[in-house]
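See below for the structure under consideration.
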Amino acid sequence: MNSGLFFLCACSETDRGGIRLCRMESDVSAPVELALTPLPGTNFLSFSRDGKTLYATANTKEEGGSAAAFRCGPDGSLQLLSRVSAEGVSSCYVSCSPDGRYLYTANYSSGSVTEFELAEDGSIVRRIRVIEHRGPCGPVRDRQEKPHTHCTVFTPDGKYLCVNDLGMDSILLYPVTPDGLALPAAEWKAEPGEGPRHILFDKSGSYAYVVNELASSVTALRYSDGKLERLGSWSALPPDCPVKTKAAAIRFSPDGRYLFATNRGFDSVACFRIVSPGVLELADIVSSRGSSPRDFQFLPGGKIAAAANEFSDQVCLFDYEAGSGTLRYREGADLTDLPRPLYIAF
Numbered sequence: 001m002n003s004g005l006f007f008l009c010a011c012s013e014t015d016r017g018g019i020r021l022c023r024m025e026s027d028v029s030a031p032v033e034l035a036l037t038p039l040p041g042t043n044f045l046s047f048s049r050d051g052k053t054l055y056a057t058a059n060t061k062e063e064g065g066s067a068a069a070f071r072c073g074p075d076g077s078l079q080l081l082s083r084v085s086a087e088g089v090s091s092c093y094v095s096c097s098p099d100g101r102y103l104y105t106a107n108y109s110s111g112s113v114t115e116f117e118l119a120e121d122g123s124i125v126r127r128i129r130v131i132e133h134r135g136p137c138g139p140v141r142d143r144q145e146k147p148h149t150h151c152t153v154f155t156p157d158g159k160y161l162c163v164n165d166l167g168m169d170s171i172l173l174y175p176v177t178p179d180g181l182a183l184p185a186a187e188w189k190a191e192p193g194e195g196p197r198h199i200l201f202d203k204s205g206s207y208a209y210v211v212n213e214l215a216s217s218v219t220a221l222r223y224s225d226g227k228l229e230r231l232g233s234w235s236a237l238p239p240d241c242p243v244k245t246k247a248a249a250i251r252f253s254p255d256g257r258y259l260f261a262t263n264r265g266f267d268s269v270a271c272f273r274i275v276s277p278g279v280l281e282l283a284d285i286v287s288s289r290g291s292s293p294r295d296f297q298f299l300p301g302g303k304i305a306a307a308a309n310e311f312s313d314q315v316c317l318f319d320y321e322a323g324s325g326t327l328r329y330r331e332g333a334d335l336t337d338l339p340r341p342l343y344i345a346f
């Protein structure tokens with residue numbers, strides 16, 4: 001897409017829900033909303049490898065979870081190519097396979113992964129199958145009563161699909177084949193009650209970082225040929241945090257020197273310094289300036305970061321100081337009156 005453009009999805013099930021195209025006019029101005037593509041219940045976005053197709057997950061009470069494919073123009077214009085039911089509840093993450101032939105959604109409430117076939121133009125041809133997770137779950141009874149898949153992320157070598165299961169305290173690694181995913185999956189176990197939510201791999205492809213929703217922490221892992229090895233965990237909260245929290249987003253800084261994680265409840269963004277690969281140090285915790293920061297993202301250019309505060313219907317902006325990892329809130333630059341902003345992509 002053209003410079004400065006980004007997408008923001010809002011999860012309202014009304015006609016205000018959907019994908020908003022926004023633009024940063026400059027490093028000193030507030031974003032401008034340019035267009036809305038209606039898709040009620042939109043909660044996650046991702047691009048194809050060539051950037052020409054935008055995929056979204058959406059959920060409504062009437063239709064359940066689904067995946068949608070849009071052709072994305074250089075000017076950010078979107079044209080709906082297809083939308084297919086995931087046959088799952090609360091689809092919350094979507095990823096395209098490295099070869100562009102398959103699409104995968106994580107369906108949180110039904111604890112499953114849906115595999116779709118893609119056409120050459122990026123459109124969704126059909127739903128191939130739904131893989132349901134089964135197995136022992138964690139000790140947090142109100143959150144780990146059953147499997148809860150939360151992300152679908154390919155390993156950097158393209159050989160495995162990582163599926164974080166918050167309910168099972170696990171990351172399942174499915175082998176990737178020309179015919180889709182192979183079974184069974186290998187399983188990496190988190191500590192009981194951590195609730196692994198999302199996983200990111202660093203540029204080397206040898207290290208990964210997991211944000212644990214229930215523990216509000218980040219775990220560092222070493223990755224090698226389908227195997228994950230735990231290196232350590234660090235809290236994203238101050239000592240004796242007075243409120244119940246749920247961690248959500250995890251992002252690298254543009255230069256890869258810092259890692260950021262959001263806390264909902266103790267509405268904040270934690271900044272970790274990456275001391276060395278697989279070793280973190282908590283550097284700072286700043287207010288998200290809103291309620292329940294579901295996502296955190298660096299906007300085009302890398303000098304401005306945004307926190308999507310779901311329950312205060314706003315996206316708040318921060319100036320980012322690359323040398324120190326410091327975030328400084330931008331007064332008067334919020335995007336407001338957004339019906340449950342959940343995710344930012346470009």
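Residues 1 to 346 in this note's numbering are what the sequence shown lists, from first letter to last. Don't be surprised by glycine CBs; every beta carbon is placed ideally from N, CA and C.
With fewer than 16 other beta carbons inside 10 angstroms of its own, LYS227 counts as exposed. Taking ALA58 as reference, the option from PRO31, GLU33, THR14, LEU34 with the minimal CA-CA separation is THR14. Cα atoms of GLY256 and VAL84: separation of roughly 36 Å, rounded to the nearest angstrom. Put simply, the backbone Cα of SER109 is about 20 Å away from that of PHE311. The continuous stretches of beta strand (DSSP E) do not include ALA236, and DSSP gives it neither H nor E.
Between LEU118 and ARG129, the gap from beta carbon to beta carbon reaches 8 Å or more. Counting only runs that start and end inside the stretch 139-173, the beta strand (DSSP E) elements of at least 3 residues fall at 149-154, 160-165.
Buried is the label assigned to LEU5, since at least 16 other Cβ atoms lie within 10 Å of its Cβ. Ranking LEU221, ILE344, VAL275, LYS189 by CA distance to the CA of LEU200 puts LEU221 first. Ranked by Cα distance from SER268, the first of VAL275, LEU317, LYS303 is LEU317.
The three-state reading of DSSP puts SER110 in coil, since its state is none of H, G, I, E or B.
Below 8 Å, enough C-beta pairs join the stretch 334-346 and the stretch 288-300 to call them touching: three or more. Segment contact: the stretch 235-248 against the stretch 174-191, fewer than three CB-CB distances shorter than 8 Å; contact not assigned.
At least 8 Å separates the beta-carbon of GLY51 from that of PRO38. When C-alpha distances from PRO175 are compared across HIS150, SER26, GLU187, the shortest belongs to GLU187. Contact check for GLY265 and LYS246: beta-carbon distance about 6 Å, within the 8 Å limit, so the pair qualifies. Judged by beta-carbon spacing, VAL315 lies beyond the 8 Å limit of ALA261, meaning their Cβ atoms are not closer than that value. In this structure, the beta-carbon distance from ALA10 to ARG20 falls below 8 Å. Less than 8 Å separates the beta-carbon of THR114 from that of GLY88.
Between ILE250 and TYR209, the C-beta gap is smaller than 8 Å, which places the two residues in contact.
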